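**Q** One structure, as structure tokens, below. Some questions next.
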Amino acid sequence: MKIKNWMCILLLFCIVLSLSYCGDNNTKNNANNDNANFSYEEVADENYISDDLPSKNWGGKEFRILARGTCKSHMQEVWVESETGDVIDDAVYRRNMTLEDRFNIVIVPTFISESEISEDQINRVLEISVAAGEDAYDYAILHEMFGAQSAMKGLCLNWYSLPYLNFEKPWWASWLIKDYEVAGKSYLAMNDMGIDGIVFTACFYFNKDLVHQYSLENLYDLVRDRKWTLDKFAEYIKDFGADLNGDGILDENDLYGFTGIGGRNFEFMYASDQTVTQRDEDGIPQLAINTEKMFTIFEKCKDIFTSKDTFFDDVASVPVFRESRALLSTGNLNYALTSLRNMEIDFGIIPYPKYDEKQTDYFTHQDPHGPIMVVPMTITDFEFVGMMIEAIAAEGYRTVRPAIYDVALKIKQARDEDSAEMIDIILDGRRSDFGYPYDGWGFAFTLDFLARGNINNFASFYAQNSARAEKSYATAVELILELEY
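Residue numbering for the sequence shown follows numbering that gives the first Met the number 0, starting at 0 and increasing by one per position.
What follows is the structure, given as structure tokens:
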């Protein structure tokens, strides 16, 4: 089968698995019971930073937000009808009420329920609205991998065109806005208005009982000592796998050193400080993945992915880890709030491994299903939209981020102070590059193709796809440069 057909297959996998990325949507977050004596307002007060916005009465004007409706967290981060006693629900509700009272506005959400075969349905809703010239939405939160398509179609406004936005403030993912910028234009952004930008960040989980049972090295210390690398990871899981039931078949009933879904392994590339593109002297992104380092990453990962100690399965990997049949598992921080929240065996959280000990920092990325924020091209009141987006991002940082980060993750679900420290390291290391969203599920997902068994040689994969990728980036840059705003 041709490589381009495998790309189509990967896209379908990612679409069908969208609900697994969201986690267990039927799991009720009852963190309020476990944190009854904790006040997230205290955390918010300690971290208070002014948004420097002027006082203004908008006379009941509607702030209209278009968002996905597939997952609970997608909707929860935008709108909650009333306080429920759930710490995150209450934080979102109070954020919204604070803004409505402060500016005399009304927040109006519109949720689009994506189908299993059409994750970009919300993008089509946006496209139809903009094509009709409708000023229907002020703000949209999209699937990240489809957000770039909307930008290239000219549906979105350059973030630098809006007043009041201060990307140096801590509630903005300034790294992402800069990574996706071309010639002073950036159409994709992410901020702390809600929870998805945090919980969809990739991480590793490990089984503490198995680490203790097999007298293995302390993983927290390996991270702190900057020794948690690809080589150490391979060494850590080597010969850990076992045929528990003796049937001669390695499947979900056996023991593994490492498990996960096939579509989350691109994170190893970003964790190794290898990006798809680099900017030339004019600041234009150019394909830059064909490096000796990438070849080495590919070969190291191939050895890990194809060993008997590794088990990839899009459905069974989480049960395998939950039931203590895997030492390590890939995931995102949302797992701690959903599919692993009631896990009886104690687990810990650490970042993805670095390339080598010379690499100073740990890097990570968010799931493709994570959020990206855009402003529709058809807005007419720039002052209102700019002010409201800055206000909701700042209030989310003050109210919602402490609830999800300091309460739900770091206090309850992280289970220990070490994992809380690791969450800080993980979130501080978030990064991306222009080649990730603007390549149409291409080179950024090289290691996913490897994990799924679709390719086994990086040199040939690059040779067959580099011309297409270069054309894709050139087209994206050309379209961006031609956009008026």
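Glycine residues also receive a C-beta, built at the ideal position from the N, C-alpha and C atoms. Note that the structure is predicted; figures quoted are calculated from it, not measured.
Can the beta-carbon of TYR204 be found less than 9 Å from the beta-carbon of PHE320?
**A** Yes, these two residues count as a Cβ contact at 9 Å.
**Q** How is the alpha helix (DSSP H) around SER431 delimited, first residue to last?
**A** That residue, SER431, is in no alpha helix (DSSP H); it is neither H nor E in DSSP.
**Q** In angstroms with no decimal places, state the Cα-to-Cα distance between SER185 and SER306.
**A** Approximately 42 Å between the Cα atoms of the pair.
**Q** Measure the CB-CB distance between PRO436 and LEU125 and report whether it falls below 9 Å.
**A** No, the Cβ-Cβ distance between PRO436 and LEU125 is not below 9 Å.
**Q** If you scan the segment 176-216 from start to end, which runs of the alpha helix (DSSP H) of 4 or more residues do you find wholly inside it?
**A** Qualifying alpha helix (DSSP H) stretches, in chain order: 195-198 and 207-212.
**Q** Do the segment 380-388 and the segment 161-169 touch if we need at least three Cβ pairs shorter than 8 Å?
**A** With a cut-off of 8 Å, the segment 161-169 and the segment 380-388 count as touching, because enough Cβ pairs lie within range.
**Q** Can the beta-carbon of MET387 be found closer than 9 Å to that of LEU209?
**A** Cβ distance not < 9 Å, so MET387 and LEU209 don't count as in contact.
**Q** Express the C-alpha separation of GLU180 and SER149 in angstroms, rounding to a whole number.
**A** Approximately 15 Å, taken between the alpha carbons.
**Q** What did DSSP end up calling GLY395 once you bin it into helix, strand or coil?
**A** Helix at GLY395.
**Q** On a CA-only basis, which of LEU229, ILE248, LEU286 and LYS71 is nearest GLU298? Give me that one, please.
**A** The candidate whose alpha carbon is nearest that of GLU298 is LEU229.
**Q** Apart from the five residues just before and just after THR309, which ones in its own chain have a Cβ nearer than 8 Å to its Cβ?
**A** These residues qualify, in order along the chain: ILE236, GLY240, TYR255, GLY256, PHE257, THR258 and ILE303.
**Q** Does the count of Cβ pairs from the segment 417-431 and the segment 351-369 closer than 8 Å reach three?
**A** Result yes; three or more Cβ-Cβ pairs closer than 8 Å.
**Q** To test your reading of the DSSP string, which unbroken alpha helix (DSSP H) runs of 4 or more residues are found completely within the segment 108-156?
**A** The qualifying runs are 120-130 and 143-151.
**Q** List the residues that DSSP assigns as beta-bridge partners of MET372.
**A** In DSSP, MET372 forms a bridge with ILE140 and ALA188.
**Q** Note down, in chain order, each residue of its chain lying with its Cβ closer than 6 Å to the Cβ of LEU16, except the 5 sequence neighbours on either side.
**A** The predicted position of LEU16 is uncertain, since its pLDDT is 42 and thus under 50; a value taken from the coordinates is nonetheless stated next. Excluding residues within five positions, the ones whose Cβ falls inside 6 Å are ASP313.
**Q** On the DSSP bridge assignment, give the partners of VAL105 in chain order.
**A** In DSSP, VAL105 forms a bridge with GLU61.
**Q** By Cβ distance, which residues of its chain are closer than 6 Å to ARG486, with the 5 residues on each side in sequence left out?
**A** Any answer about residue 486 is impossible in this case: the structure gives the chain only from 0 up to 484.
**Q** Below 8 Å, can you find three or more Cβ-Cβ pairs linking the segment 413-426 to the segment 461-475?
**A** No, the segment 413-426 does not touch the segment 461-475.
**Q** Would VAL399 and GLU76 be called neighbours here (beta carbons separated by less than 9 Å)?
**A** Yes; because the gap between Cβ atoms is below 9 Å, this pair is in contact.
**Q** Within this structure, are the beta carbons of MET268 and GLY395 separated by less than 9 Å?
**A** It is not a contact, given that the beta carbons lie outside the stated cut-off.
**Q** Throw me the rounded Cβ distance for the SER459 and ASP438 pair, which I believe falls under 8 Å.
**A** Wrong, their Cβ atoms sit about 18 Å apart, outside the cutoff.
**Q** Assess, as a yes-or-no matter, whether the segment 369-380 is touched by the segment 130-139 under the definition of 3 or more beta carbon pairs within less than 8 Å.
**A** Contact between the segment 130-139 and the segment 369-380 is present, because at least three Cβ pairs lie under 8 Å.
**Q** In whole angstroms, what is the alpha-carbon distance linking ARG397 and ILE48?
**A** Each residue's Cα considered, the two are about 8 Å apart.
**Q** With burial defined as no fewer than 16 other Cβ atoms inside 10 Å of the residue's Cβ, what is the status of LYS409: buried or exposed?
**A** Buried, by the Cβ-count rule.
**Q** Is ASN453 closer than 9 Å to LYS301 when the C-beta atoms are compared?
**A** No.
**Q** To the nearest angstrom, how far is it from the Cα of ILE104 to the Cα of ALA182?
**A** In a straight line, the C-alpha of ILE104 is about 35 Å away from that of ALA182.
**Q** When you measure from the CB of THR97 to every non-hydrogen atom of the ligand HEM, does any distance come out below 8 Å?
**A** In terms of ligand content, the structure shown is empty, and the ligand HEM therefore cannot be addressed.
**Q** If distances are taken between C-alpha atoms only, which option among ALA392, PHE448 and ASP220 comes closest to ASP51?
**A** Nearest of ALA392, PHE448 and ASP220 to ASP51, Cα basis: ALA392.
**Q** Straight-line CA distance for LEU336 to LEU480?
**A** If you take the alpha carbons of LEU336 and LEU480, they lie about 41 Å apart.
**Q** Span of the beta strand (DSSP E) holding LEU339?
**A** Taken as a continuous stretch (DSSP letters only), LEU339 belongs to no beta strand (DSSP E), as it is neither H nor E.
**Q** So which of ASP427, ALA473 and LEU446 has the shortest CA-CA distance to PRO169?
**A** Considering only alpha carbons, the answer is ASP427.
**Q** Taking only three categories from DSSP, how would you classify ARG324?
**A** ARG324: coil per DSSP, three-state reduction.
**Q** With 16 as the cutoff for other CB atoms within 10 Å, does ARG340 come out buried or exposed?
**A** Buried.
**Q** Going by beta carbon distance, what residues of the same chain come within less than 7 Å of ASN331, once the five residues before and after it are set aside?
**A** So the qualifying residues of the chain are VAL198, PHE199, THR200, ALA201, CYS202 and ASP366.
**Q** Beta-carbon separation of PHE442 and ALA475 under 9 Å?
**A** Taking 9 Å as the Cβ cut-off, PHE442 and ALA475 do not qualify as a contacting pair.
**Q** Under the three-state reduction of DSSP, which class applies to TYR361: helix, strand or coil?
**A** The answer is coil: DSSP assigns TYR361 none of H, G, I, E or B.
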